[in-house]
Structures are given as C-alpha cells and as structure tokens.
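Per my numbering, the very first residue in the sequence shown carries number 14; after that it's consecutive. Below: one structure, written as structure tokens.
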Amino acid sequence: MTSLWRQTRSFPPAVRLLMANQFAINLAFYMLMPYLAAHLAGGLGLAAWAVGLVLGVRNFSQQGMFLIGGTLADRFGYKAPIMAGCLLRTLGFGLLGWVDSLPALVAASAATGFAGALFNPAVRAYLAAEAGERRVDAFAAFNVYYQAGMLLGPLVGLALLAADFRLVCTVAAAVFAVLTLLQWRALPARHGDTADGGRAQGVLEQWRSVVANRPFLLFSGAMIGSYVLTFQVYLALPLAAADALGENGTKVTSGLFVVSAAVAVVGQLRLTGWAKKHWQPSEALVWGLAAMGLAFLPLALAPAGSPVAVLASLVAAVVLLAAGSAVVYPFEMDTVVALSGNRLVATHYGLYNTVSGMGITLGNLGTGALWDFAQRRDALWLTWAALTVTGLACAASVAALARSGRLAAQPAPSRPVAV
C-alpha cells in the first residue's frame with residue numbers, strides 16, 4: 014500500500030482524483046449489480062426472460078454506446094461526459110431500488126449502462142492526457158483502484174443487503190451523487206487534441222478518421238481474444254466449479270472473484286515495474302497475452318474425476334489469468350493512445366471498447382456452445398484447449414503487428430502555423 018500511495022501522489026491532482034473516482038465508481042457498481050438478478054427474480058417475482066432483458070439492456074446500452082461516449086468527450090471535453098455519466102448512474106441506481114414495473118426497470122437499466130459508456134472513454138482519455146509520458150505507470154495505478162473497488166463492492170453490498178435491497182441502491186446512488194458534485198467542484202476542464210478544435214469536424218468525419226486508422230483497427234482485432242479470456246471468470250470457470258464441486262461451486266466462484274481482484278491489487282505495480290524493466294511494450298503485451306492463454310492449460314490437464322485437482326487448477330487459472338491481465342492492461346491502454354497519435358483519443362477508446370464488447374458477446378456464445386458440445390462427449394478439455402489457443406493466437410497476432418512496425422506510435426497531425 015505504501016508503494017501505491019507513493020505512486021499515486023507522484024501524479025497531478027487531476028489524475029489522483031480520477032483514480033479515486035474510479036475506485037468509488039466500481040465500489041458502488043459492484044455493491045449493487047451482483048445482487049440485482051436475485052432481487053428481480055426473488056424480490057419482484059419477474060420471469061427469467063424479464064430478468065435477462067433488464068440485465069441485457071444494461072450491457073447493450075454500455076457496450077453498444079462506447080463510441081458515442083468517446084465521440085462526445087472529444088467534441089465537448091472530458092469533464093462534461095464524466096459528470097453526466099455519474100449523474101445518470103445516480104438516477105439509474107436510485108430507480109432500480111424503488112420501481113417494480115418492467116418498463117421502468119428497463120429504463121433504469123439502460124440509464125446505468127449508458128452512464129458507463131459516457132464516463133469510461135472520457136476518464137481514460139483524460140488520464141492519458143494528464144499523465145503524459147507516464148501513461149503506463151498511471152494506468153497501472155488506475156487498475157489497482159479499479160480492482161480494489163471490484164473487490165470491496167460486493168462485500169459492502171452484502172452487508173447492506175442484510176437490511177434491504179433498497180438501501181443498497183440508495184447508498185450506491187448516493188456515492189454517484191457525491192462523485193457528480195466532486196467532479197463539478199474539483200475536476201479541471203480538459204479537452205483532447207482533435208487537430209481542428211473538434212467542433213468544426215462532424216461526427217461522421219471523426220468516425221471516418223478513426224476507422225481509417227488501420228494499425229489501430231488491427232490492434233483492436235488482435236486484442237479481442239484477451240477480453241474473451243478475461244470474461245471466463247464469469248462464464249467457463251463458474252461452470253467448471255459447479256460441474257466438479259456441485260453445490261459448493263457457488264462459494265468457490267465467489268472465492269475466485271476475490272483471488273482475481275486481490276492478485277491485481279497486490280501485484281499490479283510490481284508486475285508493471287518488472288515488465289517495464291525487462292521488456293519493450295510490445296513484448297509485455299505478447300508475454301502477458303500468452304500467460305492469459307496458458308492459464309487454462311491446468312484445467313485441460315486436470316483429472317476430471319478429482320474435485321481437489323479441479324479446484325487447484327481453477328485457483329491456478331485465476332491467478333495466472335489475473336497476473337497476465339495485469340501485465341497487459343497498462344501497455345494496452347498506452348498502445349491505444351500511441352496508435353491514435355494523441356488525436357481523438359476518447360473516440361479511439363470508445364471504438365476499442367465497442368469492438369471488445371462485440372468480441373465478448375460472440376466469444377461467450379462460442380465458449381458456451383463449445384462447453385455444451387464438450388460436456389456431452391465428456392471432453393471438457395476441448396474448451397480449455399480452445400481458450401489456450403485463443404490466448405496464444407492473440408499473442409502471436411500482436412507479435413506480428415509489432416514486427417511489421419504497426420504498433421509504433423503514430424505521428425501527431427501537423428497544424429497550420431498562425432501568422
């Protein structure tokens with residue numbers, strides 16, 4: 014914690030505020046969301062399809078709107094979307110606890126999702142702009158706060174849930190209300206570099222210029238698999254825990270979430286420092302992605318009939334997956350900025366997140382289908398082997414991009430000189 018505090022204090026006040034902001038965002042989000050499905054189904058008695066609709070709308074309104082959020086941030090500055098996102102999530106979380114009709118629940122869910130699409134690209138672009146040449150270190154520290162919020166949020170939510178789900182929603186909404194006021198009072202206004210001031214350029218022109226950035230698109234495509242692998246903490250690993258450990262699978266899954274977040278919180282700064290010392294940024298990406306893929310190898314080799322072996326393999330998988338993700342994340346975020354040429358950074362982040370979200374959806378469909386196929390044939394190792402190959406293919410793709418020079422920083426656009 015001492016090293017984290019030292020690292021945090023070495024950044025400008027705006028960066029420190031954004032890190033604290035992200036911790037509070039995740040704290041509030043994860044104190045509510047893990048328990049929302051149970052509230053909808055048990056507390057309100059909604060049918061399973063209605064629960065799926067409410068949760069799906071939230072995911073779609075966030076993943077599908079990242080490009081919109083990034084575009085708005087580049088056109089109107091970073092502060093306004095951050096404030097608007099926090100305010101919108103205040104309203105959304107407040108409604109989730111106090112309404113019981115399906116249309117109102119869908120509207121609240123959509124609001125909470127779009128809120129994330131507003132502030133996520135803006136926060137990352139603001140952080141990159143303020144950190145300057147120390148972007149990798151800034152994103153490493155940022156991820157510690159991000160993961161710490163994920164770690165503590167469910168515990169706080171569980172404690173509040175003992176009283177009432179409405180209290181969980183009210184407290185989560187209050188956190189976002191405080192964040193809205195804090196951004197308004199303390200966060201300086203900041204505009205990104207759009208080469209023309211942003212306002213004169215149309216939205217379609219913004220999008221065309223980003224889509225025309227071929228190295229960025231290739232990198233976005235190469236990194237899709239890493240998000241599919243990361244999401245397996247929510248899909249394949251819980252399925253494996255339930256399959257091998259029965260009714261104890263839920264407890265094991267909760268423990269895996271804690272282990273994953275704890276690895277990132279404890280190890281992020283050390284792993285980033287070591288990687289910076291020994292590897293080039295592209296090498297850190299390659300080795301981190303390879304580690305994420307190899308994380309699933311112990312599960313492929315574990316004896317199917319041994320719960321102890323499966324449990325040990327699950328823990329090993331989560332630790333290696335979290336460590337690989339911790340290595341990748343700060344260099345990945347830095348590479349997006351480098352490939353953007355420091356221009357329309359939030360729009361680049363928005364499109365990057367949209368592509369990743371689409372990849373997660375398709376990857377989950379493929380993983381689920383493969384799991385069913387493998388389970389019917391008593392060959393679950395096929396699922397783990399496919400995930401391992403996915404990680405290694407991502408690593409090979411990034412290595413190929415690096416060798417071809419496509420991961421080199423793009424030159425900033427030239428500006429006319431005022432006479």
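Where is the CB? At the ideal position from N, CA and C, for every residue including glycine.
Rounded to whole angstroms, what's the CA-CA distance from residue 436 to residue 67? Just pull it up for me.
The structure shown has nothing for residue 436, since the chain only spans 14 to 432.
Own chain residues within Cβ distance below 6 Å of residue 70, not counting five before or after:
Listed in chain order, the non-local C-beta contacts of residue 70 below 6 Å within the same chain comprise 119, 122 and 123, local neighbours out to five positions each way being set aside.
Counting beta carbon pairs with one atom in the region 78-88 and one in the region 153-169, are three or more of them shorter than 8 Å?
Because the criterion of three Cβ pairs below 8 Å is not met, the region 153-169 and the region 78-88 do not touch.
Touching or not, the region 39-56 and the region 323-338, by the rule of three or more beta carbon pairs under 8 Å?
Segment contact: the region 39-56 against the region 323-338, fewer than three CB-CB distances shorter than 8 Å; contact not assigned.
Extent of the continuous alpha helix (DSSP H) run through residue 357
First-last for residue 357: undefined, no H or E at that position.
Below 8 Å, how does it come out for the region 400-419 and the region 263-279: are there three or more Cβ pairs, yes or no?
The way I'd put it, the region 400-419 doesn't touch the region 263-279; fewer than three beta-carbon pairs between them come closer than 8 Å.
Extent of the continuous alpha helix (DSSP H) run through residue 218:
Segment 216-224, the alpha helix (DSSP H) holding residue 218.
So, using beta-carbon positions, are residue 316 and residue 308 closer together than 8 Å?
When the beta-carbon positions are compared, residue 316 and residue 308 stay at least 8 Å from each other.
Excluding the 5 residues preceding and the 5 following residue 376 in the sequence, name in chain order all residues of the same chain whose CB lies nearer than 6 Å to its CB.
Excluding residues within five positions, the ones whose Cβ falls inside 6 Å are 241.
Beta-carbon separation of residue 346 and residue 132 under 8 Å?
No, the Cβ-Cβ distance between residue 346 and residue 132 is not below 8 Å.
Taking Cβ to Cβ, would you say residue 422 is nearer than 8 Å to residue 359?
No, Cβ-Cβ distance for residue 422 and residue 359 is not below 8 Å.
Residues in its own chain within less than 7 Å of residue 20 by CB, not counting five upstream and five downstream?
Cβ contact annotation for residue 20 (same chain, cutoff 7 Å, sequence separation greater than five): 150, 154 and 282, in chain order.
Would residue 261 be called buried (16 or more neighbouring beta carbons within 10 Å of its own) or exposed?
A residue is called buried once 16 or more other Cβ atoms fall within 10 Å of its Cβ, and residue 261, having fewer, is exposed.
Extent of the continuous alpha helix (DSSP H) to which residue 392 belongs:
Careful: residue 392 lies outside any alpha helix (DSSP H) and carries neither H nor E.
DSSP three-state call for residue 25: helix, strand or coil?
DSSP, read as helix, strand or coil, puts residue 25 in coil.
Kindly indicate which three-state DSSP category residue 384 falls into: helix, strand or coil?
Helix, per DSSP.
Which one of 107, 201 and 117 has the shortest CA to CA distance from residue 90?
Considering only 107, 201 and 117, the residue with the shortest C-alpha distance to residue 90 is 201.
Quick check on residue 143: buried or exposed, where buried means 16 or more other Cβ atoms within 10 Å of its Cβ?
It is buried - the Cβ of residue 143 has at least 16 other Cβ atoms within 10 Å.
Spatial neighbours of residue 16 in its chain, beta-carbon cut-off 6 Å, leaving aside the 5 residues before and after:
Closer than 6 Å at Cβ, skipping near neighbours: 282.
If you draw a straight line from the alpha carbon of residue 23 to that of residue 65, how long is it in whole angstroms?
Using only the alpha carbons, I get a separation of about 44 Å.
Taking the C-alpha atoms as reference points, what is the distance between residue 216 and residue 80?
A direct Cα-Cα distance of roughly 11 Å separates residue 216 from residue 80.
Where the alpha helix (DSSP H) through residue 158 begins and ends:
Residue 158 -> alpha helix (DSSP H) spans 148-174.
Looking only at its chain, what residues have a beta carbon closer than 8 Å to the beta carbon of residue 245, apart from the 5 residues adjacent to it on each side?
Non-local beta-carbon contacts of residue 245 in its own chain, meaning distances under 8 Å to residues more than five positions away in sequence, involve 309, 334, 380 and 400 in chain order.
Apart from the five residues just before and just after residue 35, which ones in its own chain have a Cβ nearer than 8 Å to its Cβ?
Contacts found: 136, 155, 158, 159 and 162.
By alpha-carbon positions, which one of 185, 326, 336 and 254 ends up nearest to residue 10?
Since the first residue of the chain shown is 14 and the last is 432, residue 10 is not available in this structure.
Do residue 128 and residue 101 have their CB atoms nearer than 8 Å?
Yes; because the gap between Cβ atoms is below 8 Å, this pair is in contact.
Complete runs of the alpha helix (DSSP H) confined to the region 250-300 [at least 4 residues]
Counting whole runs of 4 or more residues, the region 250-300 contains the alpha helix (DSSP H) stretches 262-291.
Residue burial classification, residue 293 (beta-carbon count within 10 angstroms, cutoff 16):
So residue 293 ends up on the exposed side.
Which of helix, strand or coil does DSSP assign to residue 233?
Of the three classes helix, strand and coil, the one that applies to residue 233 here is helix, per DSSP.
Kindly indicate which residue of 106, 199 and 186 has the alpha-carbon position closest to the one of residue 26.
It is 199 whose Cα lies nearest to the Cα of residue 26.
Proximity to residue 130 [Cα-Cα], best of 76, 114, 148 and 140:
Comparing Cα-Cα distances from residue 130 to each of 76, 114, 148 and 140, the minimum goes to 76.
Does the beta-carbon distance from residue 306 to residue 404 come in below 8 Å?
A Cβ-Cβ contact shorter than 8 Å links residue 306 with residue 404.
Check each candidate in 339, 96, 178 and 270 and name the one with the smallest Cα separation from residue 55.
Among 339, 96, 178 and 270, the Cα nearest to that of residue 55 is on 178.
Alpha carbon to alpha carbon, how far is residue 164 from residue 274? Give it in angstroms, no decimals.
Residue 274 and residue 164 have their C-alpha atoms roughly 6 Å apart.
Taking only three categories from DSSP, how would you classify residue 309?
In the three-state reduction of the DSSP assignment, residue 309 falls in the coil class.
Taking the CB atoms as reference points, tell me whether residue 92 and residue 227 lie closer together than 8 Å.
No, these two residues do not count as a Cβ contact at 8 Å.
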